Amino acid sequence: MTTRTQQRSTPLWLLPFLAALIAALAAILGFTTASVSAAVGAETRVGAINVAGEVLVEPPQHVSAGQHPGPGLDQRPIVVATGVAANSVRTFASADAHVADAANRIEHAMPGRVVGVNSQVSMANGLSREVDIDLGDLLVQVKSGNARGLTGQLMSTTASTGRTAIGYAPDISEGAWLNAARQGVPIARTLDELLAIIGELG
Amino acid sequence: MKGAFLVAEDADLYRNVRDALVRVGAVATDDDVVQFRDELGNLLTVFGRVPMSTDWEWREGPLTIHGTIPLPSLERATACWLECRSERAFAVIVRQLATELAGPAWVIDGDGGLWLASKVDPDRLKL
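Each protein sequence line maps, in turn, to chains Z and P. The first sequence begins at 1 in my numbering and counts up by one. The second sequence begins at 1001 in my numbering and counts up by one.
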């Protein structure tokens, strides 16, 4: 019986490669840890997730009421960052109908504009009020179905918080939308309209 | 934001709702808002002042009637606006609330569904 002795030796060319790989992994882990955040509290099903590495290629467009950003706005190219410093586009989630769609469309068009989703904001009476999308100076209340109650809710939200409230109701009836419009209450029926109203109101 | 109207042929509807909720720990303010948080953290906020100019949102049809129920006279009724993110929490609180009120109350949900408040079904309710 013969015994074979194997000598293991690492090829010299592999060492710099391994060092570079370890450095790259460390950089990726550090970036991910720093960038991921999640909302906690009563609305644990809702959160904002930073998608590391996604950047908006184009600068945010500014639109005003009556202008239509065009059908391609939500098909803007998203690329994976390759070490270029740029704004990161966050992705929002919500269990409530249409809320995530609206928040993500706003975020893609106006990175950083969304302050919170399914948030609570202070009212003048000292209590907090639930809102669907907090844009800082503006609030967006989203309603599915025929949106009964949305017009009064928007008026009440504006009055109680001191911030302008905008509605987004893709399935609102024509009559309800017209009634709201006559009272000066802005309700968007499409995401393009929502972006236009936000652009107009600042 | 999810919400629905609570209506009743009761001129003191808000006051009666407020008193019932305060008895179980809700907080009320001078501007006719009362807020109740359940043990799971779900928030139900009742606004007693529905803008007069938006009465059409609950007084006018069409409404989809859920179940065999007595119908309210919406001409004589008054309304509160209730906000809650959870249909289940809303149903539990409103059904309990209905037992505390002197007369019948109804819910008109976000899609125009009309419910007897004591029989709101969280699986079909659309806030």
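Ideal placement from N, C-alpha and C gives every residue a C-beta, glycine not left out. Bear in mind the structure is a predicted one, so any value in this text is a computation, not a measurement.
Contacts around residue i, its chain only, beta-carbon distance under 6 Å, and the 5 residues preceding and following it disregarded
i               : result
A1098 (chain P) : A1105, A1117, S1118
I106 (chain Z)  : R113, V114
V185 (chain Z)  : T151, L154
R1049 (chain P) : D1032
A1020 (chain P) : L1097, E1100
F1036 (chain P) : L1021, A1026, L1044
A169 (chain Z)  : K143, A147, L150, I187
Opening and closing residue of the alpha helix (DSSP H) in which residue i lies
i               : result
V185 (chain Z)  : It is not in any alpha helix (DSSP H) - V185 (chain Z) carries neither H nor E in the DSSP assignment.
V1022 (chain P) : 1013-1023
V99 (chain Z)   : 99-109
G152 (chain Z)  : 150-161
E1075 (chain P) : Counting along the chain, E1075 (chain P) falls outside any alpha helix (DSSP H), and DSSP gives it neither H nor E.
Cβ neighbours of residue i in the same chain (closer than 8 Å, five flanking residues each side left out)
i               : result
G1061 (chain P) : G1112
R1095 (chain P) : A1117, S1118, K1119, V1120
D1038 (chain P) : L1044, A1089, V1092, I1093
T157 (chain Z)  : R129, V131, L139, Q141, R163, A165
V1022 (chain P) : A1028, V1034
G1110 (chain P) : K1002, G1003, A1004, K1126, L1127
D101 (chain Z)  : L191
S160 (chain Z)  : M123, A124, N125, R129
G202 (chain Z)  : D137, L138
F1047 (chain P) : D1032, V1033, C1080, W1081, L1082, E1083
Residues bridged to residue i [DSSP beta-bridge criterion]
i               : result
V1033 (chain P) : P:T1029, P:F1047
E130 (chain Z)  : Z:Q120
I166 (chain Z)  : Z:V140
E1142 (chain P) : The question about residue 1142 (chain P) has no answer, for chain P in this structure spans 1001 to 1127.
G1113 (chain P) : P:T1064
Range of the contiguous beta strand (DSSP E) that encloses residue i
i               : result
R1088 (chain P) : R1088 (chain P) -> not in any beta strand (DSSP E); alpha helix (DSSP H) instead, spanning 1087-1100.
T1108 (chain P) : In the sequence on display, residue 1108 (chain P) carries Ile and not Thr. I1108 (chain P) -> beta strand (DSSP E) spans 1105-1108.
Reduced DSSP category for residue i - H, G, I as helix; E, B as strand; rest coil
i               : result
G199 (chain Z)  : helix
G83 (chain Z)   : Bear in mind that the predicted position of G83 (chain Z) carries a pLDDT of just 36, short of 50, making it unreliable; the figure below should be weighed with that in mind. Reduced to three states, the DSSP call for G83 (chain Z) is coil.
T91 (chain Z)   : strand
L1006 (chain P) : strand
L1125 (chain P) : coil
T1064 (chain P) : strand
L1040 (chain P) : coil
T1054 (chain P) : helix
G135 (chain Z)  : In the sequence under discussion, the amino acid at residue 135 (chain Z) is Leu, which differs from the Gly named in the question. L135 (chain Z) falls in the coil class under three-state DSSP.
D171 (chain Z)  : coil
A39 (chain Z)   : For A39 (chain Z), the predicted structure reports a pLDDT of 32, less than 50, and the residue's modelled location is therefore unreliable. The matter cannot be settled from this model.
R1059 (chain P) : helix
H62 (chain Z)   : Low confidence applies here, because H62 (chain Z) scores a pLDDT of 37, under 50, leaving its location unreliable; read the following figure in that light. In this structure, H62 (chain Z) counts as coil in the three-state DSSP scheme.
A176 (chain Z)  : helix
D96 (chain Z)   : coil
L73 (chain Z)   : Confidence at L73 (chain Z) is low in this model, with a pLDDT of 35, below 50, so the placement of that residue should be treated as unreliable; the coordinate-derived value is given next. Three-state result, L73 (chain Z): helix.
Sequence-distant residues of the same chain with beta carbon closer than 7 Å to residue i, five excluded per side
i               : result
E1009 (chain P) : P1072, S1073, R1076, A1077, G1103
S173 (chain Z)  : N146
S144 (chain Z)  : A97, H98, D171
S119 (chain Z)  : V131, D134
G136 (chain Z)  : V115
L1114 (chain P) : L1063, T1064, I1065, H1066, W1106, I1108
Any chain A beta carbon closer than 8 Å to residue i
i             : result
D96 (chain Z) : Among the chains of the structure shown, chain A does not appear; the protein chains present are Z and P.
> For the region 104-124 of chain Z, which residues have a beta carbon sitting closer than 9 Å to at least one beta carbon of chain P?
Replying inline: Answer set for the region 104-124 of chain Z: N118, Q120, M123, A124.
> Using a Cβ cut-off of 9 Å, which residues of the region 1037-1049 of chain P contact any Cβ in chain Z, in chain order?
Replying inline: R1037, L1040, G1041, N1042, L1043, T1045, F1047, R1049
>> Beta carbons nearer than 8 Å to chain Z: which residues of the region 1058-1088 of chain P have them?
In response: From the region 1058-1088 of chain P, only W1058, W1081, E1083, R1085 have a Cβ closer than 8 Å to chain Z.
> Taking a cut of 8 Å between CB atoms, which residues from the region 129-143 of chain Z lie near chain P?
Replying inline: From the region 129-143 of chain Z, only R129, E130, V131, D132, Q141, V142, K143 have a Cβ closer than 8 Å to chain P.
> Looking at chain P, which residues of the region 148-161 of chain Z have a Cβ within less than 7 Å of any of its Cβ atoms?
Replying inline: R148, G149, T151, G152, Q153, M155, S156
> Given a limit of 9 Å on CB to CB distance, which residues of the region 175-188 of chain Z reach chain P?
Replying inline: So the close ones are G175, A176, N179, A180, Q183, V185.
> Closer than 9 Å, Cβ to any Cβ of chain Z: which residues of the region 1092-1119 of chain P, in chain order?
Replying inline: I1108, D1109, G1110, D1111, G1112, G1113
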